[in-house]
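Peer 1:
In our numbering, the protein residues as written are 32 to 240.
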């Protein structure tokens with residue numbers, strides 16, 4: 032991606048996160064960059080093309096991060112075997128990393144804020160918000176915990192209930208951090224919450240890979 036194309040994408044994302052996707056025009060994006068609409072159209076067909084590129088990048092980053100932290104990249108229905116050997120250490124490391132990603136990464140934090148702002152005005156944005164930030168992670172963790180229970184890593188329990196119990200503090204603390212300059216306090220609280228979850232639900236031991 033050229034520097035100009037990258038600047039257009041990031042500038043648009045910042046505007047979408049601040050003003051809302053529907054309120055931002057191609058003219059506003061071009062003006063923010065100090066270029067003409069014609070120059071912008073050399074890189075993107077329209078505002079929708081920019082948005083699609085943003086979403087595509089988010090899914091690509093998500094897959095890369097899943098691979099890096101050794102957690103499943105695909106849905107359970109697609110590759111159930113990838114859910115069979117996930118360790119508690121991997122979950123803890125991935126979750127802490129996700130907190131930093133959603134709160135401090137320039138791209139991810141603005142993506143999240145864009146969806147949060149637009150979820151009540153745009154059905155597509157609402158679906159994306161739930162898939163990426165709300166219900167999607169709960170379903171994902173439910174599938175992981177179901178396999179952990181089968182493998183004796185976690186005690187017998189309702190995997191959906193475990194997923195809600197695990198993810199709710201994460202979601203809360205991500206939102207708390209938005210109004211805080213010092214995010215470290217929320218990170219430490221999340222770390223403590225994860226450790227408490229492990230102590231409560233691990234089947235007599237924490238699995239180490």
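Ideal placement from N, C-alpha and C gives every residue a C-beta, glycine not left out.
Predicted model only: the values in this text are computed from it and were never measured.
For residue 233, which residues does DSSP report across the bridge?
Peer 2: Here the question's residue 233 lines up with position 202 in the chain shown. Note: residue 233 sits in a beta bridge opposite 185.
Peer 1: Figure out for me which residue from 138, 178, 130 and 184 has the closest Cα to the Cα of residue 199.
Peer 2: In the chain shown, residue 199 corresponds to position 168, counting from 1. Among 138, 178, 130 and 184, the Cα nearest to that of residue 199 belongs to 130.
Peer 1: Assuming residue 197 contacts residue 172 (C-beta within less than 8 Å), just tell me the rounded distance between them.
Peer 2: Residue numbering aside, residue 197 sits at position 166 when the chain shown is read from its first letter. Residue numbering aside, residue 172 sits at position 141 when the chain shown is read from its first letter. At roughly 6 Å, the Cβ-Cβ gap stays under 8 Å, so residue 197 and residue 172 are in contact.
Peer 1: Report yes if the CB atom of residue 90 is closer than 8 Å to the CB atom of residue 149, and no otherwise.
Peer 2: Mapped onto the chain shown, residue 90 falls at position 59. Mapped onto the chain shown, residue 149 falls at position 118. No. Outside cutoff.
Peer 1: Mapping the DSSP letters down to three states, classify residue 63 as helix, strand or coil.
Peer 2: As a working mapping, residue 63 is identified with position 32 in the chain shown. In the structure shown, residue 63 sits in a helix (DSSP, three-state: H, G or I).
Peer 1: Quick one: is residue 48 buried, meaning 16 or more other Cβ sit within 10 Å of its Cβ, or exposed?
Peer 2: Looking up residue 48 in the chain shown gives position 17. So residue 48 counts as buried.
Peer 1: Measure the C-alpha to C-alpha separation of residue 66 and residue 138 and round it to an integer number of angstroms.
Peer 2: Residue 66 sits at position 35 when you count from the first residue of the chain shown. Residue 138 sits at position 107 when you count from the first residue of the chain shown. Answer to the nearest angstrom: the Cα atoms are 22 Å apart.
Peer 1: Can you have a look at residue 163 and say buried or exposed, based on whether 16 or more other CB atoms are within 10 angstroms of its CB?
Peer 2: Stepping through the chain shown from its first residue, residue 163 is reached at position 132. Buried: at least 16 other Cβ atoms inside 10 Å.
Peer 1: Mind checking residue 34: buried by the 16 CB within 10 Å criterion, or exposed?
Peer 2: Locating residue 34 in the chain shown gives position 3, where the first residue counts as 1. Under this definition residue 34 is an exposed residue.
Peer 1: Note down, in chain order, each residue of its chain lying with its Cβ closer than 8 Å to the Cβ of residue 55, except the 5 sequence neighbours on either side.
Peer 2: Working through the chain shown from its first residue, we reach residue 55 at position 24. Cβ within range, chain order: 43, 46, 47 and 78.
Peer 1: Should the region 210-226 be called in touch with the region 119-135, which here means at least 3 C-beta pairs below 8 Å?
Peer 2: Judged by Cβ distances under 8 Å, the region 210-226 makes contact with the region 119-135, as three or more pairs qualify.
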